[in-house]
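Each remark here refers to the structure printed beneath this line.
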Amino acid sequence: MDPLFFLLFAFIAVACGVNVVLQKHPISSALSLVAVMASLAVLYLLQGAEFIAMAQMIVYAGAIMVLFIFVIMLLNAGTEETKGRSWMALIFGVPAIIGLLGSLAYFMQTGMPKLGEVKFGDWKGGGAYEVGYALFTQYLLPFEVTSVLILIAIVGAIVLARKELD
Amino acid sequence: MEFLVITGVKLALILFIFMTALAYLQWVERKVIAHVQVRMGPSRVGPHGLLQPLADVIKLITKEGVLPPHVNKFYYLAAPFFAVFMALISISIIPFGTDITIPAMVIAGKTFGPYKTMMELADINVGVLLILAVSSLGVYGIALAGWSSNNKYALLGGLRSSAQMISYELPMSLAIAAPLLTAGTLSLRAIADTQKGFYFGFLPHWAIFQFPAPQIFSFIIFMIAAFAETNRIPFDLPEAENELVAGFHVEYSSMSFAAFFMAEYANMVTVCSVATILFLGGWHPLFPESMGSNLVAPLLMAAVGSVCLYHGLNPARPFDRITLPVFAVVFFGMAGLLAFPPTVPIIMPIFWFTAKLLFLLFLFVWIRATLPRFRYDQLMGFAWKFLFPVALLNLLVTGFLVALVS
Chain R
0 MDPLFFLLFA FIAVACGVNV VLQKHPISSA LSLVAVMASL AVLYLLQGAE FIAMAQMIVY
60 AGAIMVLFIF VIMLLNAGTE ETKGRSWMAL IFGVPAIIGL LGSLAYFMQT GMPKLGEVKF
120 GDWKGGGAYE VGYALFTQYL LPFEVTSVLI LIAIVGAIVL ARKELD
Chain L
0 MEFLVITGVK LALILFIFMT ALAYLQWVER KVIAHVQVRM GPSRVGPHGL LQPLADVIKL
60 ITKEGVLPPH VNKFYYLAAP FFAVFMALIS ISIIPFGTDI TIPAMVIAGK TFGPYKTMME
120 LADINVGVLL ILAVSSLGVY GIALAGWSSN NKYALLGGLR SSAQMISYEL PMSLAIAAPL
180 LTAGTLSLRA IADTQKGFYF GFLPHWAIFQ FPAPQIFSFI IFMIAAFAET NRIPFDLPEA
240 ENELVAGFHV EYSSMSFAAF FMAEYANMVT VCSVATILFL GGWHPLFPES MGSNLVAPLL
300 MAAVGSVCLY HGLNPARPFD RITLPVFAVV FFGMAGLLAF PPTVPIIMPI FWFTAKLLFL
360 LFLFVWIRAT LPRFRYDQLM GFAWKFLFPV ALLNLLVTGF LVALVS
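Which chain is which? The protein sequence lines are R and L, in order.
Per numbering that gives the first Met the number 0, residue 0 is the first one in the first sequence, and the count goes up by one each step.
Per numbering that gives the first Met the number 0, residue 0 is the first one in the second sequence, and the count goes up by one each step.
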């Protein structure tokens, strides 16, 4: 059952990821991205990381993408217009992407040969308690540093926005 | 196999009861508002307008669904489905009673059971987070409906609802986080079970009274944010009819129009259930059994039945001569069921849960009949400048008190 779900949602994630690029309307692209986030959440859930799955839904699908869609609706961005694709892009792009994916696959195969088998539902460290405990003991310093980083980003955003207002 | 059958039965039961309740919630709302405004309310279809929801549903189903030529067809048709889907999904993890045991039965020579099952569809250990995630996804239905309609009123409604729901999500999450500190778990069933028991023998262990940090402020903040999340008066800016015609659903007709109403009522039921579980002790009674909390339900039902019988036998009300005595019999039957010892442990938790839920739903209707609407800038200012800091402070004080005691 689990491998079936994995294949289904992995396929949805990849298909929607491709769709983000292919769609011409910004709303369609944004909604495809939401579908990618949702299927990633299901993949996390299959691995037993319940907290991360729900955080993924709340933060990415529920907050960030709603903000994206809000901005797209507010600016009333229309359909993207294309004036045909250039042949040069095709000639250089296709070999480049084949080379990139091929070398990625090669290095992942040779660099990490002993990954072992994935067993669904085997791992029990994904609940809220375990994540919270790890965050406040083992990873306390990175956690606090990240919060300072986010604070700096907020202050920076306010400073930039104020400059535009004046 | 067993699991599938039991889950299927529970699914059918919950779906049937929930759908009927949603239809009748609208009847209750119209009746209550009518009586607040000294009117009759729906009274023509069936006794006391009781068949009005059925008539409304038939009307909405048989109406022609108009597809305006200027809309974005795919998103226009998908938006109501999305809204209803997200509204209905969260009811599946709401527990509304303790676990029940179905005794073993012998059917056609085979023994079935005994089965033990919980009164909810799924008990997941991140239930509160799932509720938050689903409620934050619900905004897509409304925003897409507003955008795909290609109508400036609808677009403004959709924009307002996205901004409002993002803003009120924050105080709501913070208000939910505070009782979680005392409960120490994210599963809704476990949270309700931490509120079992009584102080000094009479004060219930509910989160709003709980030692060391009574969550009364969290409860108030949660309810205010819940009004905004469900787009109800005084926060129904997305569908303010005197500025935006009807807001995000102005281009919708027939069943897709009804879908948005269904989603709104389903969201109301969900937030009220969550408030009941988080703050009002779920299915645990108001006062201990030793003081006769089990007698409340049958006495209440018997009292309602007697009132029905009294008015039904009144010769000055000839139209109610048949209907009210029938209701009286129904209420007396429920009183008997609530007093019948074998069914009490199963049905009494459901009674207390439903009573609290109905009280909160009545609060929603009551406030709709009482309060005027906010202005838009007031709405945003209230969320960010008052509710959010207060929720933060409340969380801080709760955390401090919990850390001090433990």
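All C-beta atoms in this analysis are idealised placements derived from N, C-alpha and C, irrespective of residue type, glycine included.
Being a predicted model, the structure only gives us computed values, none of them experimental.
Open item on the list: With a threshold of 8 angstroms between beta carbons, is Gly131 (chain R) in contact with chain L?
Closed with: no
Open item on the list: Please confirm whether Ser135 (chain L) has its beta-carbon closer than 8 angstroms to some beta-carbon of chain R.
Closed with: yes
Open item on the list: By the three-class DSSP mapping on this structure, what secondary structure does Thr408 (chain L) have?
Closed with: An answer regarding residue 408 (chain L) cannot be provided, because it is not within the stretch 0 to 405 covered by chain L.
- [ ] Please confirm if the region 142-156 of chain L is in contact with the region 66-82 of chain L, defined as three or more CB-CB distances below 8 angstroms between the two stretches.
- [x] yes
Task: Per-residue contacts from Phe50 (chain R) into chain L (C-beta, under 8 angstroms) - done: For Phe50 (chain R), the residues of chain L that pass the 8 angstroms Cβ criterion are Val125, Leu128, in the order they occur in the chain.
TODO: Compare the C-alpha of Arg159 (chain L) against each of L:Leu143, L:Met347, L:Ile190 and name the closest.
DONE: L:Leu143
- [ ] Give, in chain order, every residue of the region 148-159 of chain R whose Cβ lies closer than 8 angstroms to some Cβ of chain L.
- [x] The residues in question: there are none.
TODO: Please determine, among L:Phe330, L:Leu392, L:Leu279, the residue with the shortest C-alpha to C-alpha distance to Pro297 (chain L).
DONE: The option with the nearest alpha carbon to Pro297 (chain L) is L:Phe330.
Task: Neighbourhood of Leu89 (chain R) by C-beta, 8 angstroms cutoff - its chain only, sequence neighbours within 5 removed - done: Closer than 8 angstroms at the Cβ level, and outside the excluded window around Leu89 (chain R), lies no residue.
Open item on the list: Comparing C-alpha positions only, which one of L:Ile130, L:Glu288, L:Cys271, L:Ser289 sits nearest to Gly281 (chain L)?
Closed with: When only C-alpha atoms are compared, the closest one is L:Cys271.
Task: Proximity of Thr397 (chain L) and Ala177 (chain L) at Cβ, strictly below 8 angstroms - done: yes
Task: Under 8 angstroms between C-beta atoms of Asn266 (chain L) and Thr322 (chain L) - done: no
TODO: Write down the C-beta distance between Pro284 (chain L) and Thr97 (chain L) rounded to the nearest angstrom, noting that I regard them as a contact closer than 8 angstroms.
DONE: Pro284 (chain L) to Thr97 (chain L), Cβ: 12 angstroms. No contact.
Open item on the list: Output needed for Phe50 (chain R): all residues of its chain with C-beta closer than 7 angstroms, excluding positions within five of it in sequence on either side, in chain order.
Closed with: Gly125, Gly126, Ala127, Val130
- [ ] Could you tell me the distance, in whole angstroms, from the CA atom of Val41 (chain R) to the CA atom of Lys58 (chain L)?
- [x] In this model, Val41 (chain R) and Lys58 (chain L) are separated by some 39 angstroms (Cα to Cα).
Task: CB of Phe226 (chain L) within 8 angstroms of CB of Phe216 (chain L), strictly - done: Their beta carbons are not under 8 angstroms apart, which means Phe226 (chain L) does not touch Phe216 (chain L) by this criterion.
Task: Residue range of the beta strand (DSSP E) that includes Ile99 (chain L) - done: Per DSSP, Ile99 (chain L) is one residue of the beta strand (DSSP E) stretching across 99-101.
Task: Residue range of the unbroken alpha helix (DSSP H) whose run includes Gly140 (chain L) - done: 138-147
Open item on the list: Less than 8 angstroms between the C-beta atoms of Pro324 (chain L) and Gly332 (chain L), yes or no?
Closed with: no
Open item on the list: Buried or exposed, going by whether 16 or more other CB atoms sit within 10 Å of the CB of Thr342 (chain L)?
Closed with: exposed
TODO: Can you give me the Cβ contacts of Ile141 (chain L) inside the same chain, cut-off strictly under 7 angstroms, excluding the 5 residues immediately before and after it?
DONE: Ala82, Gly157, Ser160, Pro237, Phe247
- [ ] Determine the chain L residues that contact Leu66 (chain R) at a beta-carbon separation under 8 angstroms, and present them in chain order.
- [x] Ile165
Open item on the list: Does any residue of chain R have a CB that is nearer than 8 angstroms to the CB of Trp146 (chain L)?
Closed with: yes
TODO: Answer yes or no: does any C-beta atom of chain L fall closer than 8 angstroms to that of Ile96 (chain R)?
DONE: Output row for Ile96 (chain R): interface = no.
- [ ] Report the residue from L:Ile106, L:Ala54, L:Ser166, L:Arg43 whose alpha carbon sits nearest the alpha carbon of Phe387 (chain L).
- [x] That would be L:Ser166, whose Cα lies nearest to the Cα of Phe387 (chain L).
Open item on the list: Taking only three categories from DSSP, how would you classify Val133 (chain L)?
Closed with: helix
Open item on the list: So, under 8 angstroms CB-CB, Ser252 (chain L) and Val65 (chain L) are touching, yes? Tell me the CB distance rounded to an integer number of Å.
Closed with: 5 angstroms
Task: Under 8 angstroms from the C-beta of Leu73 (chain R): neighbouring residues of chain L - done: Leu158
TODO: Write down the C-beta distance between Leu32 (chain R) and Val19 (chain R) rounded to the nearest angstrom, noting that I regard them as a contact closer than 8 angstroms.
DONE: Confirmed, about 5 angstroms.
Open item on the list: Looking at Met36 (chain R): is its Cβ nearer than 8 angstroms to the Cβ of Met64 (chain R)?
Closed with: Yes; because the gap between Cβ atoms is below 8 angstroms, this pair is in contact.
Open item on the list: For Gln11 (chain R) and Leu44 (chain R), I'd like the C-alpha separation in whole angstroms.
Closed with: According to the sequence as given, residue 11 (chain R) is Ile; it is not Gln. In a straight line, the C-alpha of Ile11 (chain R) is about 15 angstroms away from that of Leu44 (chain R).
Open item on the list: With a threshold of 8 angstroms between beta carbons, is Ala34 (chain R) in contact with chain L?
Closed with: no
Task: Sequence-distant residues of its chain with Cβ nearer than 8 angstroms to Val364 (chain L) (five each side left out) - done: Val27, Glu28, Val31, Ile32
Task: C-alpha distance - Pro25 (chain R) paired with Asn75 (chain R), whole-angstrom precision - done: About 10 angstroms.
TODO: Return the chain-ordered list of same chain residues with a C-beta closer than 7 angstroms to the C-beta of Gly126 (chain L), the five sequence neighbours on each side being excluded.
DONE: Ile92, Leu185, Ser186, Leu187
Open item on the list: Between Val138 (chain L) and chain R, is any beta-carbon pair separated by less than 8 angstroms?
Closed with: yes
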